[in-house]
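The next block holds one structure in the form of structure tokens; read it before the comments.
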Amino acid sequence: IDRKDAKLAMAHLYVAFTALALGGLAGLLQVLVRSGKFELPANIGYYQVLTTHGVLLGLILTTFFILGFQTAAVSRTSGTFSDGQRLTGWIGFWVMLIGTAMSATMILLNEASVLYTFYAPLKAHWIFYLGLTFVVVGSWVDGAAQISKYISWRKQNPGQPGPLLTFMAIINVVLWIVATLGVAAEVLFQLLPWSLGLVDRVDILISRTLFWYFGHPLVYFWLLPAYMCWYVIIPKIIGGKIFSDSLARMSFILFLLFSIPVGLHHQLTEPGIDAGWKFLQVVLTFMVVIPSLMTAFSLFATFETYGRSQGAKGVFGWIKKLPWKDARFAVPFIGMVAFIPAGAGGLINASFQLNQVVHNTIWVTGHFHLTLATSVVLTFFGIAYWLVPHLTGRVLTPAMNKLAIVQAFTWAIGMTIMSSAMHLAGLFGAPRRSSFSTYGDAQQAMDWIPYQIAQAIGGSILFLGIILVLVIFINLAFFAPKGEEEFPIGEVEENAEKTPMILENWKIWITLTIALILIAYTVPFMEMFQNGPIGSKGYRLW
Ligand code: HAS
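The following block contains the structure:
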């Protein structure tokens, strides 16, 4: 892509990988503390470290990586940004960076140990909330640059569907904008006035509900760039074709429709919300599983079609034909495999009654270390291994390619140990978000200890994986030999059907998105306003 666009994309990646280094260190401290064998120095709090870990990895690494990758993807597939579009991107980037610095400073000063979910009743310094507002507003501006490029492409190419990768990036930006409206409302109308002392109290139920209105689509905002790689980039790397352009677009549209009206599945144990509305959102949650199943189908089809074209025989013969020694394929592939148990865990979480067993246990932490911290993050690493040299005018050398595969295996081993231990301990009732305690030497708590030690072992191996990825990143950004690394983009199978233009009819999809949100949330919010705000039914916490 154009050098100037490359610089913009790269700026995002520098921040993302710095967040990985610091957030990863905080993660190592977490698992060590929970093993019971290590204590933090007296002036550092457990929740301070946990907040650093969650905010830096869950919010900062992801948002910067995604917007940087999408900038590059839109520029690659729809053409170089105009000066105005690029300037918009830079403004968004700087606003996000200033916001990050503000929030991070408050966390380091122990003025914002409110976890990455930061809803009430935990209260932070107002600078923390203002910083987050900057991050969100900056991300809108950054996303607007991508939307503007897409609009100019469509003007120049009337009647044609936008390039697949650009279309996917724009779906993700729209999903992000609609989702962040919830958290923006929470911060502007509740958390900021409350932390500034302008109001004495805020309604916790509303705060949590607004957060989860945002918090669930947030996880699909993380997932969709990984799916962009799986649908569009992987087929090219293996030498095959995209199974179906229309199926890929449809699955992204289904994410836009169904990822937002499902936030209540994080609140299934929350008092104050009628069970009927929770049930509706559980049903909608199972709808949002469909595009992931479509993705699994499409990936298997891509791999099998390619394998057979290379003469593969038998049911699984195609597996042998895949390019296992190419890190650009092998690293995201490990992420795909992890997504099978990760997704199954999600289905368990979403099953109304089963949620009672796992909610607020460390099972949930195990779930998102498989989904986000393995499937998504390993795919992001797999992308970085060709994207960084592409952007910096260097190449991924065979030595770095090998190291990248070692890195991914280190990650997979560490995560298998850590996440399995988390899932199991969770089933035995071990709580999430709590420091080490034997709860007065209660037998149940003593039974968790071996799993906590396993978590520390897995987490330490993972930290080694972080060091390796940072070594590779620095090499690819500054030291790898100069040259040209490909930005791989797959082509669609010759016999695929033409993409119907209705898939690009934003009026229909955005209207349906809004309608589903209104159906799922209007009455629950009305009831919250009617019943509240001062605990009239006795269940409202302050
Ligand atoms: Fe989740 C909690 C339900 C997906 C992240 N989730 C969380 C939290 C996070 C998170 C961060 O219903 C904790 C929030 C907190 O701090 O409290 N989740 C789901 C469901 C899905 C799901 C139904 N989650 C994700 C993804 C995440 C993520 C993706 C991040 C990226 N989750 C929940 C629920 C909770 C929850 C409840 C609340 C729990 C509680 O009580 O607090 C689904 O989207 C999953 C669908 C996925 C599949 C898998 C498809 C498989 C594919 C791979 C194919 C592989 C191939 C290669 C082709 C159905 C696409 C294989 C080749 C071979 C040769 C084998």
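8 is the number of the first residue of the sequence shown in UniProt numbering; add one for each residue after it.
Note that CB positions come from ideal geometry on N, CA and C, so glycine has one too.
The structure displayed is predicted, hence computed values, not measured ones.
Among the options, nearest to residue i - alpha-carbon criterion
i, options, result
"A255", "S214, S299 and L275", "S299"
"P507", "T69, L171 and I468", "L171"
"L39", "F470, A487, T187 and S316", "F470"
"G204", "H397, K130 and Q167", "K130"
"T107", "D210, G247, W325 and L66", "L66"
"S251", "P232, V226 and A303", "A303"
"W219", "I326, L116 and E277", "E277"
"S358", "R315, L291 and L306", "L291"
"R208", "S305, A127, E501 and L306", "A127"
"I412", "T529, L263, W331 and D448", "W331"
"K489", "V143, G31, V395 and R401", "R401"
"N482", "S202, M453, T518 and W393", "W393"
"L329", "I347, F346, L306 and P348", "L306"
"G421", "A428, Q451, R440 and I468", "I468"
"Q163", "L225, T529 and G86", "G86"
"Y21", "A527, I509, F485 and I517", "F485"
"T529", "F323, P495, V344 and L287", "L287"
"G145", "W160, L122 and V180", "V180"
"Q317", "K248, T58 and F141", "K248"
"W147", "P396, R161, Y313 and L188", "L188"
"R161", "A49, A337, W513 and T518", "W513"
Pairwise C-alpha distance: residue j and residue i
i, j, result
"I260", "A461", "40 Å"
"L182", "Q153", "13 Å"
"T381", "S258", "21 Å"
"residue 558", "F265", "With the chain represented from 8 up to 549, any question about residue 558 goes unanswered, as that position is not in the structure."
"M113", "Y53", "15 Å"
"I267", "A406", "43 Å"
"K327", "I213", "52 Å"
"E491", "T404", "11 Å"
"D333", "G246", "12 Å"
"H223", "V383", "15 Å"
"E501", "Q37", "51 Å"
"T445", "L104", "41 Å"
"E118", "H132", "6 Å"
"N362", "P531", "20 Å"
"S442", "T309", "45 Å"
"Y227", "F262", "7 Å"
"H272", "V289", "6 Å"
"G31", "I473", "7 Å"
"M535", "F135", "27 Å"
"L217", "L139", "15 Å"
"I526", "M533", "12 Å"
Inter-residue CB distance, residue i and residue j (contact presumed, cutoff 8 Å)
i, j, result
"F76", "I390", "6 Å"
"F174", "E498", "Actually they do not touch by this definition, with Cβ atoms about 15 Å apart."
"V62", "S110", "7 Å"
"T368", "A437", "6 Å"
"L475", "T423", "Actually they do not touch by this definition, with Cβ atoms about 17 Å apart."
"G43", "Q459", "7 Å"
"R215", "Q274", "6 Å"
"I98", "G150", "Rounded, the Cβ-Cβ distance is 12 Å, inconsistent with contact."
"R315", "W325", "6 Å"
"V143", "A191", "6 Å"
Spatial neighbours of residue i in its chain, beta-carbon cut-off 6 Å, leaving aside the 5 residues before and after
i, result
"H19", "F71, L74 and G75"
"M425", "Q462, G465 and G466"
"G352", "H374"
"A432", "I369, W455 and Y458"
"L29", "L63"
"A23", "L68, F71 and F72"
"Q537", "none"
"G270", "W219, Y220 and H223"
Contacting residues, own chain, Cβ-Cβ under 7 Å from residue i (five flanking each side not counted)
i, result
"P339", "C236, W237, I241, L385, T386 and G389"
"Q92", "A152, S155 and K156"
"L398", "A13, A16, M17 and A79"
"V365", "I355, N356, V371 and G433"
"G350", "S299"
"K11", "R93"
Residue i beta carbon near ligand 2 (any heavy atom closer than 8 Å)
i, result
"Y227", "No copy of ligand 2 appears in this structure; the ligands present are ligand 1."
Cβ shell of residue i (< 8 Å), same chain only, five flanking positions each side left out
i, result
"V478", "L410"
"L523", "L264, F265, I267, P268 and L291"
"I341", "T381, L385, A415, F416, W418 and A419"
"I8", "A16, A79, S82, R83, T87, H397, L398 and F494"
- Query: For the segment 55–117, which segments carrying the beta strand (DSSP E) assignment without a break, of at least 3 residues, lie completely within its bounds, in sequence order?
  - Reply: Counting only runs of 3 or more residues that sit fully inside the segment 55–117, no beta strand (DSSP E) segment turns up.
- Pick out the complete alpha helix (DSSP H) segments inside the segment 433–520, 4 residues or longer, and give them in chain order. For secondary structure counted as the alpha helix (DSSP H) over 4 or more consecutive residues, the segment 433–520 holds these complete runs in sequence order: 450–481.
- Task: Would you list, in sequence order, the uninterrupted alpha helix (DSSP H) runs of no fewer than 4 residues that lie entirely inside the segment 300–378?
- Result: Qualifying alpha helix (DSSP H) stretches, in chain order: 334–357, 362–365 and 369–377.
- Ranges of the beta strand (DSSP E) found wholly within the segment 9–34, counting only runs of at least 3: For the segment 9–34, not a single whole beta strand (DSSP E) run of length 3 or above is found.
- Item | Segments assigned alpha helix (DSSP H), at least 4 residues, entirely inside the segment 224–298 | Correct list: 241–245 and 252–265.
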